[in-house]
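Worksheet: one structure, shown below.
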Amino acid sequence: MTINLAIVIPFLMAILIPILYRRFTKLHIGWLVLAVPVIIFIMLVRLVPFVAEGHTYSHTYNWIPSLDINFTTYLDGLSMIFGLLITGVGSLVILYSIFYLSAKESLQHFYCYLLLFMGAMLGVVFSDNLMVLYAFWELTSVSSFLLIAFWHHRKASRAGAQKAMLITVTGGVSMLVGFIMLHMMTGSYSVHEIIRNVSEFTDHQLFIPAMILILFGAFTKSAQFPFHIWLPDAMEAPTPVSAYLHSATMVKAGIYLVARLTPIFGGDAIWFWLVTVAGLVTLFWGSFNAVKQTDLKALLAFSTVSQLGLIMSLFGMGSVAFRLGYSDSTIIYTQATFAALFHLVNHSTFKGALFMMVGIVDHELGTRDVRRLGGLMSLMPLTFTVAVIGSLSMAGMPPFNGFLSKEMFFAAAIHMRELDIFSISSIGILFPVVAWIASIFTFVYCMIIIFKTFFGKPYENNEGKPIHEAPIGMLVSPIILCVLVVGIFVFPNVLGQYILKPAMASIYPGFAPADVLTPEIHAWHGINTELLMTIGVVIVGVMLYRKLKTWKPVYRIFPYRFSFNELFRHLLEVLESGSNKVTTSYMTGSLRKYVLYIYLFFILAVGGYFLFSGGFAYSSANDAPVEIYELMLIIVMLLAGISMLFVKSRLTATLLNGVIGFGVSIFFVIFRAPDLALTQLIVESVTTVLFLLCFSFLPEWKREDSPKSVKISNAVVAGAVGALVVVMSFAVMYYDEFDSISSYFENAYELAGGANIVNTILGDFRGFDTMLEVVVLFIAGLGVYTLIKLKARKEDTDNEN
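Residue numbers for the sequence shown follow this note's numbering, so the first one is 2 and each next one is one higher.
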């Protein structure tokens, strides 16, 4: 029940914000919002000791049980890590935003969007049902779109939000198809039930397609190469959004999905190669491109891409253990997953602090351009301290937590050389090489953050305002994160024992005892290969930083017109141009053509079905005899319909149309359907009167002299549609492939308590549909009422003038 509340509370608070914002005008709304993540964080912390002992918490609300879609929440070690990050970092971000955002901003919208995102992320990590997980997954995309476009008056903000939305939602739809395939294979949407029965469907023909589609969704959300292009543009969002979405939460959703589904797909070679190679390529590409950035937030954006690639590659390497099986010699490969979880936490701490640091610099100086910055160390000493701790941790230097997880990353990459499966032995050397080169570029851009911003020539303030340290309120959150950066380095095994160990047990259920999967974390392992690689990173990194101007022109080798951003923009232009051409080809403004399209589609779809399926059947053996008065009525209706084609008066055409309608109502009376007859009489009477009223206001009718070819085509299409409707009528009467559903409704009195079958169908069996129809009518009436009131107010204004 606690987990359900954790998901629901942010949504309830988001609903209340507009009311609270108007009531508490003298209190910053952020203080009320801050209580939400703090309360949820405390709720989760209280459960940490129990989860560490191996307990899990699950609760199910039946939602759509007939489709196996239920609101099932599940808390274990893996979801606990993400829940603590979402609420813990969320609390610090909201505290930071209270002092960062001006009171002139639309704060009620900002915090409403932020709470929607928080609730959606908690829904993703706590949902056990794949369909519910997908619903929350897409809600994170929608709410992040609103947050990125918060400063919607900026073109860059709107463009960044659109790009993030398009890429992540496209991946989400792909993931949905993969989830449906999983259900087709397993008959269940429950993640843990699928994991328990994984051995039964690994050879299924849909297994690989489902895996690829799901990974596509995970890669787009976690900005893996080449889908990383949305993340740098999303930096147009306010800094609190960047610190929250793009360091600790949204971009970690894809990481969570890969970790959660590793027990399902981890033993397959395709999963290993896709996850590991995508991660390593993203790691290198992100770090390489971060060096050339001149905007500090853009630099951090590419560094986030790089770090996400590092974590992703570790999960790929750790999946090897599922293929090898448990043994003393293979347990070492699970340490890659342990390193991934460890770095997941570490990255959230140092990257959150760095984003807040950049926000402080931008807030106080009005610029993030490293070419204009410098000499801020003495003017902003606390901000400088945050930058040093965060940057050195990201570079993997002691005594900070990033050093510990980076050493584990090097160790995992080295161990990959020793494998003799998945054809790794031939290219295994590339794993540590790529890891080492990417770490060098990481070290270089961390030096850029520190030295270009805080050392060198002092910053020149063109506005003449004194440069000073940020308010203490803005510094509290990054300082807390920096304390965690150092504290985790000093006491890493506290985190390992209570947080990482149960998460390892969640990813490797039944693989081995959790204590075996959780190694002791030590800062010193002696002189080993990993340490030598770190020393090499420092030496080469310092050399490259000192010669940065000499080799930086290498980035000009890659023309911007061939960049992924340009390819994406060109793809959108092609799609937009193509869709415009297709749309204009049939949206001609001709009502005749629109009706013609509908009828032609009807003829092709329905007629084609009857032609190729053999579904048409007819027998006159059981037909009732046609009485003379019925035949006379049919002839009258036929004459009226044919005469309508040749009359020259609207009044005559309306009356003939009424003859057909009233003739139908007479047939209802003959066939003993008084309800339908009464309805038909009322509708026909009202429409006839309305036609006559409307026609009195129309200009004189002049018959159009259409070309003969048009008349012939109209006649052919009309005749074909009429004939097809007759065929459908006969087919419905004599089609016996399926059992009739009428027997179900015949029991209406017992099922719905009504003796009239028609009424019970409308009021009970179709109650939900009827309710929606009433809602549509209500909305339409509300719109008409609003237009009338607006018109009246305008007239009142004119009269006053």
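Ideal Cβ positions, reconstructed from N, Cα and C, are used throughout, including at glycine.
Would the beta-carbon of residue 275 fall within 8 Å of that of residue 310? no
Smallest Cα separation from residue 348: which of 400, 407, 320 and 314? 407
Quick check on the DSSP output: the beta strand (DSSP E) that includes residue 64 runs from which residue to which? 58 to 65
Using three-state DSSP, classify residue 142 as helix, strand or coil. helix
Rounded straight-line distance, which links the Cα of residue 574 to that of residue 234: Note on geometry: alpha-carbon atoms of residue 234 and residue 574 lie some 18 Å from one another.
Starting from the N-terminal side, write out each stretch of the beta strand (DSSP E) that is 3 residues or longer and does not extend beyond the stretch 301 to 339. none
What number of angstroms, rounded off, separates the C-alpha of residue 795 from the C-alpha of residue 789? For residue 795, the predicted model reports a pLDDT of 45, less than 50, meaning its position is unreliable and no value from the coordinates is stated.
Quick check: residue 658 and residue 645, are their CB atoms within less than 8 Å of each other? yes
Where does residue 224 land, buried or exposed, given buried means 16+ other C-beta within 10 angstroms? buried
Using a Cβ-Cβ cut-off of 7 Å (strictly less than) and excluding sequence neighbours within five positions of residue 756, which residues of its own chain qualify? 750
Determine the extent of the alpha helix (DSSP H) in which residue 183 is found, giving its start and end residues. 156 to 187
Taking the beta strand (DSSP E) that residue 74 belongs to, which residues open and close that run? 70 to 76 is the span of the beta strand (DSSP E), which, as asked, contains residue 74.
Going by the beta-carbon positions, is the gap between residue 539 and residue 442 smaller than 8 Å? Going by beta carbons, residue 539 and residue 442 fall outside the 8 Å limit.
Around the C-beta of residue 700, are 16 or more other C-beta atoms found within 10 angstroms, so that it is buried, or is it exposed? exposed
Close Cβ partners of residue 37 (< 7 Å) along its chain, the five nearest in sequence each way excluded: 10, 11, 14 and 116
Going by the beta-carbon positions, is the gap between residue 94 and residue 245 smaller than 8 Å? yes
Between 286, 81 and 444, which lies nearest to residue 58 when the distance is taken from Cα to Cα? 81
Do residue 717 and residue 600 have their C-beta atoms closer together than 8 Å? no
Could you say if the stretch 502 to 521 and the stretch 257 to 267 meet the contact criterion of at least three C-beta pairs nearer than 8 Å? yes
Determine the burial state of residue 326: buried for a count of at least 16 other Cβ atoms within 10 Å of its Cβ, exposed for fewer. exposed
Check whether the Cβ atoms of residue 450 and residue 412 lie closer than 8 Å to each other. no
Distance check for residue 319 and residue 437, CA to CA, integer angstroms please. 19 Å
Just to confirm my understanding: we take residue 802, look at its own chain, exclude 5 residues before and 5 after, and list those with CB closer than 6 Å. What are they? Residue placement at residue 802 is poorly supported in this model, since its pLDDT is 45, which falls under 50; the coordinates are not used for a value here.
Could you give the residue range of the alpha helix (DSSP H) that holds residue 430? It is not in any alpha helix (DSSP H) - residue 430 carries neither H nor E in the DSSP assignment.
On a CA-only basis, which of 142, 219, 74 and 112 is nearest residue 193? Give me that one, please. Closest by alpha carbon: 74.
Check this for me: beta carbons of residue 569 and residue 149, under 8 Å apart or not? no
DSSP on residue 743, reduced to helix/strand/coil? In this structure, DSSP gives residue 743 a helical state, which the three-state scheme calls helix.
When the Cα atoms are used, what is the spatial distance from residue 476 to residue 383? Answer to the nearest angstrom: the Cα atoms are 8 Å apart.
Give me the Cβ distance between residue 663 and residue 631, rounded to the nearest whole Å; I'm assuming they're in contact under 8 Å. No, residue 663 and residue 631 are not in contact; Cβ-Cβ is about 15 Å, not under 8 Å.
Report the option in 290, 32 and 53 whose CA atom is closest to the CA atom of residue 558. 290
Taking the CB atoms as reference points, tell me whether residue 195 and residue 187 lie closer together than 8 Å. Less than 8 Å separates the beta-carbon of residue 195 from that of residue 187.
Since residue 221 contacts residue 169 with CB under 8 Å, what's their CB separation in whole angstroms? 5 Å
Tell me whether residue 130 sits in a helix, a strand or coil according to DSSP, three-state version. strand
Does the Cβ-Cβ distance between residue 256 and residue 212 come in under 8 Å? Against a cut-off of 8 Å, the Cβ pair of residue 212 and residue 256 comes out as no contact.
Alpha-carbon to alpha-carbon, residue 174 and residue 791: 41 Å
Using the Cα positions of residue 793 and residue 787, report the straight-line distance between them to the nearest angstrom. With a pLDDT of 49 at residue 793, under the threshold of 50, the modelled position of this residue cannot be trusted; read the value that follows with caution. Going by the C-alpha atoms only, they are around 10 Å apart.
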